[in-house]
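Colleague: Structure in structure tokens, see below.
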Amino acid sequence: MKYLEKKLFDKGFAKGSFVILSPEDLEELRTILKIMRQEEMESNLITAQESLYVLGKNKRLDQIIEKILLNGEIKKTLEKTSGKNYALHADCAARFSDPDDKGLYIHQDAVGETTFSFLVTDQKEGTTACIPGSHLLIPFKNVRIAEFLSFASSRLLRFTKFFLSPLKGLAGEYYFFFNRLFHGRITGNKKNTQISLFFNFYPVALPENKEMVEVLKQKTLKLKDNYQNINSNYLKNLTSHEIYKKNIDIFNKSDERTPISLNLLSFFNFIKSPIFYFSALIKILILELIFWPIYVLRIVTKLKKKFI
Ligand SMILES: [Fe+2]
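For our numbering, add 969 to where a residue sits in the sequence shown, where the first one is 1.
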């Protein structure tokens, strides 16, 4: 396994600092996103807590996003995590973490999903944070155990954040992470609003790829008229359910190997990556040990609501 592949497999995330955008492009990207958010908030289209969908709304923004996702280094890494002909969910979003951001509880997302997160502003303390190696722990694809744990609450982030690794970086740097990783968004003493772009990728080798065709279609419908307006054939093809459907046929006839994002579910991860496996397990057990009374409290509150 090569270095980046190994790092991604072991930790569940990897940072890249290859220069993709010029300082001018980066500044333009920041400005467009800030104005777009302001306008949508003023028109009551989104609240301050909601992410901003980015595709098909601004020609220049589409071009900049195309430039990021067409970058050779990015494509090469995504081919490793998700295989050839990977698909992108059309609801790509910019997330703004304001100084009063309440954070997002620790959770896990779907099997096979890889997120590419591009930092639009400096994030010296990090906003997304995770437990490295935690993606190796649960070998069952339909089980997302993170959200059932006692510490999975945004109110507890001010305590749990000391156990998490923040994805720190400077504007223009980027991260890949597997969404099976226990991850969330930390609160912090941020002075400025921090902006990140999020892109969610899925492999064509996904066992449920037929269902993914419908999911991709729904994602494009979410963008309404903006989808037709996307100023990039590359982005349109990457998010198209029809192209994905064609790619399934190509994949079925090929001898392409299983990408890393689908190789994570294994009972033997503790042998493949013992240090990260056990350090994640120990961290989670300690957090459970500290916060188990919260779990009991939650059950009591639920029962009270039901019977009183
Ligand atoms: Fe997530």
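For each residue, glycine too, the CB sits at the ideal point set by N, CA and C.
Source: prediction; values computed, not measured.
Beta-carbon within less than 6 Å of Asp1060's beta-carbon, same chain only, minus the 5 sequence neighbours each way: which residues are those?
Modeller: Tyr1022, Lys1188 and Lys1191
Colleague: Tell whether a beta-carbon distance below 9 Å holds between Gly1041 and Leu1150.
Modeller: no
Colleague: On a Cα-Cα basis, can you pick out the residue from Leu990, Asp1067, Leu995 and Tyr1213 that is closest to Lys1179?
Modeller: It is Tyr1213.
Colleague: Given that a residue counts as buried once 16 or more other Cβ atoms are within 10 Å of its Cβ, and exposed if not, what is Leu1233?
Modeller: buried
Colleague: Within its chain, find whatever has a CB closer than 8 Å to the CB of Phe1239; leave out the 5 residues flanking it on each side and keep chain order.
Modeller: Leu1105, Tyr1246 and Phe1247
Colleague: Taking DSSP as the reference, what is the three-state secondary structure of Arg1154?
Modeller: DSSP places Arg1154 in strand when its eight states are reduced to three.
Colleague: Compute every distance between the C-beta of Asp1078 and the non-hydrogen atoms of ligand 1, then say whether any falls below 8 Å.
Modeller: yes
Colleague: Decide if the segment 1109-1128 is in contact with the segment 1015-1030; the criterion is three or more beta carbon pairs, one per stretch, under 8 Å apart.
Modeller: no
Colleague: My parser needs the beta strand (DSSP E) runs of 3 or more residues fully inside the segment 1114-1202; what are they?
Modeller: 1143-1147, 1152-1154 and 1163-1171
Colleague: Using the Cβ count rule (16 or more neighbours within 10 Å means buried), how would you classify Lys1093?
Modeller: exposed
Colleague: Assign Met970 to one of three DSSP states: helix, strand, or coil.
Modeller: With a pLDDT of 48 at Met970, under the threshold of 50, the modelled position of that residue is not reliable, and the figure given next carries that caveat. If DSSP states are grouped into helix, strand and coil, Met970 belongs with coil.
Colleague: Do three or more CB pairs link the segment 1102-1118 to the segment 1132-1139 at distances below 8 Å?
Modeller: Taking a contact to require three or more Cβ pairs closer than 8 Å, the segment 1102-1118 and the segment 1132-1139 do not qualify as touching.
Colleague: To which residues of the same chain is Lys1071 closer than 7 Å at the C-beta, ignoring the five residues directly before and after it?
Modeller: Ser1123 and Thr1156, listed in sequence order.
Colleague: Mind checking Asn1161: buried by the 16 CB within 10 Å criterion, or exposed?
Modeller: exposed
Colleague: If we ignore side chains and look at the alpha-carbon of each, how far apart do Ser1020 and Ser991 end up?
Modeller: 25 Å
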